[in-house]
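Trainee:
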Amino acid sequence: MALDAPRLPAHDLEDQIAPRPVSHSELVLRGRVWDVRRDTVDLGEAGTVVREYVDHPGAVAVLALREDRGAPEVLLIKQYRHPVGALEWELPAGLLDVEGEPPWRAAARELAEEADLRAERWDLLADYVSSPGGLSEALRVYLARDLSDVPDHELFEREHEELGMPTAWVELDDAVEAVLTGRIRNATVAIGLLSAQAGRSRDWECLRAADAPWPAHRSPGIVASSPETC
């Protein structure tokens, strides 16, 4: 019975990166951005199963925060997302699709390209996997502070769905309220905002370094390490 399940000590509350053996893998669909794969997986005593999933390169997002006007504010962008047919308020974000680019540098690039901002201070705010039952995407959210505008001569020329995306500064408390009341629903912005609210309430004591290891992301060269504690 679940009520009789053992109590878990705090130091044991950690996901285990433990891929099971794959005896066969095939490409089902090659997409423009990501692929669909079908793997035959050996689960040991549970037997062999076939799983289809979206093979995703991973992504990064940036919560840009400023406190120069009193209450802390975050920068949000509005972007059309066709699969859900919605104009969503989101964080600046992008795929890890540049060979050899460290994730935090990808985040800095996306902040400049989508929001015309630079940051002097970078910290790691949150890690998550977006839909582990059918999607390999691992996503990392960074906290960017000490902000400045990108110089005019270095501005990125946007195109396609990024062209003309509105941006706005919102008080952190108001943005968190919008998440809790269901007015904004994007997972990345919700995780970023709630993590920022929790982190700020603890004087940012739980922040990790921007270049901290990322065991959930499957890119070569990113290795696992013991998690830091508050």
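Heads up: the sequence shown is residues -14 to 215, going by this note's numbering. Note that the Cβ used here is the ideal one computed from N, Cα and C, for glycine as well. All values reported here derive from a predicted model rather than from experimental measurement.
Can you give the Cα-Cα distance for Glu105 and Gln64, rounded to whole angstroms?
Mentor: 26 Å
Trainee: Can you tell me the Cα-Cα spacing of Arg15 and Met(-14), whole angstroms?
Mentor: 44 Å
Trainee: Under three-state DSSP, which class holds Asp188?
Mentor: coil
Trainee: If you draw a straight line from the C-alpha of Asp196 to the C-alpha of Pro77, how long is it?
Mentor: 19 Å
Trainee: Would you mind sorting Ala91 into buried or exposed? The rule is 16 or more other CB atoms within 10 Å of its CB.
Mentor: buried
Trainee: State the Cα-Cα distance for the pair Arg66 and Asp(-11), rounded to the nearest angstrom.
Mentor: 44 Å
Trainee: With DSSP run on the structure shown, which of helix, strand or coil describes Trp89?
Mentor: helix
Trainee: From Pro6 to Ala31, what does the alpha carbon distance come to, in whole angstroms?
Mentor: 13 Å
Trainee: Rounded to whole angstroms, what is the Cα-Cα separation between Gly70 and Leu(-7)?
Mentor: 41 Å
Trainee: Please classify Arg125 as buried or exposed, where buried requires at least 16 neighbouring CB atoms within 10 angstroms.
Mentor: buried
Trainee: In whole angstroms, give me the CA-to-CA distance for Pro4 and Glu75.
Mentor: Their backbone Cα atoms lie some 31 Å apart in a straight line.
Trainee: With DSSP run on the structure shown, which of helix, strand or coil describes Arg23?
Mentor: Strand.
Trainee: Note down the Cα distance separating Pro200 from Ala111, rounded to an integer number of angstroms.
Mentor: 13 Å
Trainee: Bridge partners for Val59 per DSSP, in chain order?
Mentor: Leu50 and Val155
Trainee: Could you tell me whether the Cβ atoms of Arg36 and Asp24 are closer together than 8 Å?
Mentor: yes
Trainee: For the beta strand (DSSP E) holding Arg130, just list the boundary residues, first then last.
Mentor: Element bounds for Arg130: Ala123 to Asp134.
Trainee: Determine the direct distance from the alpha carbon of Leu178 to that of Ala160, and round the result to whole angstroms.
Mentor: 7 Å
Trainee: If you run the structure through DSSP and keep just helix, strand and coil, what is Ser8?
Mentor: strand
Trainee: What does the Cβ neighbour count give for Asp134, buried or exposed, with the cut at 16 atoms within 10 Å?
Mentor: exposed
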